[in-house]
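See below for the structure under consideration.
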Amino acid sequence: MINLIKIFLLHALLGGLGGCQTWTWANTKQALVAASTEPLTLIGVGGALVMQIDHIDQKIVQYLAKAPGLFSTPQQATQASDASRSVTSISMNLSNLLVRDTTFEDVLRRGAGNNLTAYATAASTVMLQDGFMRQRPDGGSGSMPSAHTSRAFACSYLAHKNYQQSLLPKPLRVSGTLITYSAAFLTGLARVEGKKHYPSDVFMGMAYGTFISSFTYHLTKNFFTLQELSTSVSWMPNEKFLQLSYRF
Numbered sequence: 010m011i012n013l014i015k016i017f018l019l020h021a022l023l024g025g026l027g028g029c030q031t032w033t034w035a036n037t038k039q040a041l042v043a044a045s046t047e048p049l050t051l052i053g054v055g056g057a058l059v060m061q062i063d064h065i066d067q068k069i070v071q072y073l074a075k076a077p078g079l080f081s082t083p084q085q086a087t088q089a090s091d092a093s094r095s096v097t098s099i100s101m102n103l104s105n106l107l108v109r110d111t112t113f114e115d116v117l118r119r120g121a122g123n124n125l126t127a128y129a130t131a132a133s134t135v136m137l138q139d140g141f142m143r144q145r146p147d148g149g150s151g152s153m154p155s156a157h158t159s160r161a162f163a164c165s166y167l168a169h170k171n172y173q174q175s176l177l178p179k180p181l182r183v184s185g186t187l188i189t190y191s192a193a194f195l196t197g198l199a200r201v202e203g204k205k206h207y208p209s210d211v212f213m214g215m216a217y218g219t220f221i222s223s224f225t226y227h228l229t230k231n232f233f234t235l236q237e238l239s240t241s242v243s244w245m246p247n248e249k250f251l252q253l254s255y256r257f
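So the number in our numbering is just where the residue sits in the sequence shown, counting from 1, plus 9.
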């Protein structure tokens, strides 16, 4: 229960970035509906449920332990999951710079929002892991859901939204999205082959990361166009800092 309260407060704080003009019950409801009906949210939840039938979860892990997989060793798979997750983060931040009709202040605000969403997704996933207390295939704790996967899909969703609004021609926008999501799926696969998670953990990570990023995006998207928000860079004689202020 305590972890659930922490998760709610964390995402309430994140949603509050939208300011009093966007944080309304109507917007919250619309954001919840949009996030709940995202294809990857539904596929993730459905996949996790299917994995529970006749112990498919455990059977897949046992099969991968004997059959040759994409990676030579669990250690190699773990390293690959770290690398592919980083690709999604890089793509998210790169795509932010490519959004058309944007100002320097827009880039700062959107970049801060994107990265805070990714961080909040990963942090709250760890809280969920503490609540589920599911043992990992390798004997460790905190298996359900996969934090690597949830963050990778959160970054991928936000990168996809950035690419949709980018200056790039359509073929490159589509390519950027496909590459980013491919890295996210590879992250999940590598976590299973690395014996860090069961398939259902990865499916739930995909669903959770997509849900949280979609919810936050739809709840706070007007935040990036509000005129009341001002961003400035100020220098002092012995220091320099970034100042962000918002007038309610």
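Note that CB positions come from ideal geometry on N, CA and C, so glycine has one too.
Bridge partners of residue i, per DSSP?
{"i": "VAL108", "result": "SER175"}
The alpha helix (DSSP H) spanning residue i covers which residue range?
{"i": "HIS227", "result": "208 to 229"}
{"i": "LYS68", "result": "65 to 75"}
{"i": "GLY53", "result": "48 to 59"}
{"i": "THR260", "result": "Since the first residue shown for the chain is 10 and the last is 257, residue 260 is missing from the structure and cannot be characterised."}
In this structure, does DSSP put residue i in helix, strand or coil?
{"i": "ARG145", "result": "coil"}
{"i": "PHE80", "result": "coil"}
{"i": "SER93", "result": "helix"}
{"i": "LYS205", "result": "coil"}
{"i": "GLU114", "result": "helix"}
{"i": "MET101", "result": "helix"}
{"i": "THR87", "result": "helix"}
{"i": "PRO154", "result": "coil"}
{"i": "THR234", "result": "Residue confidence for THR234 is low, a pLDDT of 49 falling below 50, so the modelled location carries little weight and cannot support an answer."}
{"i": "GLN30", "result": "Any reading at GLN30 must be qualified, since the residue scores a pLDDT of 48, below 50, and its modelled position is unreliable; no value is offered."}
Is the beta carbon of residue i sitting closer than 7 angstroms to the one on residue j?
{"i": "THR274", "j": "ILE221", "result": "The shown model of the chain, from 10 to 257, leaves out residue 274, and the question about it has no answer."}
{"i": "CYS272", "j": "SER95", "result": "This structure leaves residue 272 out entirely; the chain is present only between 10 and 257."}
{"i": "LYS205", "j": "ARG145", "result": "yes"}
{"i": "ASN171", "j": "ASN105", "result": "yes"}
{"i": "ALA57", "j": "PHE212", "result": "yes"}
{"i": "ALA121", "j": "ALA161", "result": "no"}
{"i": "VAL108", "j": "SER175", "result": "yes"}
{"i": "GLU47", "j": "THR189", "result": "no"}
{"i": "HIS157", "j": "SER81", "result": "no"}
{"i": "LEU228", "j": "ALA35", "result": "no"}
{"i": "ASP66", "j": "SER209", "result": "yes"}
For residue i and residue j, which I take to be in contact (beta-carbon distance under 8 angstroms), what is that distance rounded to the nearest angstrom?
{"i": "VAL70", "j": "TYR217", "result": "In fact, because the Cβ distance is near 20 angstroms, the residues do not count as touching under 8 angstroms."}
{"i": "SER93", "j": "ALA199", "result": "7 angstroms"}
{"i": "MET215", "j": "GLY53", "result": "4 angstroms"}
{"i": "THR134", "j": "PRO154", "result": "6 angstroms"}
With a cut-off of 7 angstroms, does the C-beta of residue i fall near any C-beta of chain C?
{"i": "HIS206", "result": "No chain C is part of this structure, which consists of one protein chain only."}
Please find out if some non-hydrogen atom of the ligand PLP comes closer than 6 angstroms to the beta-carbon of residue i.
{"i": "GLY203", "result": "You won't find the ligand PLP in this model; it holds no ligand whatsoever."}
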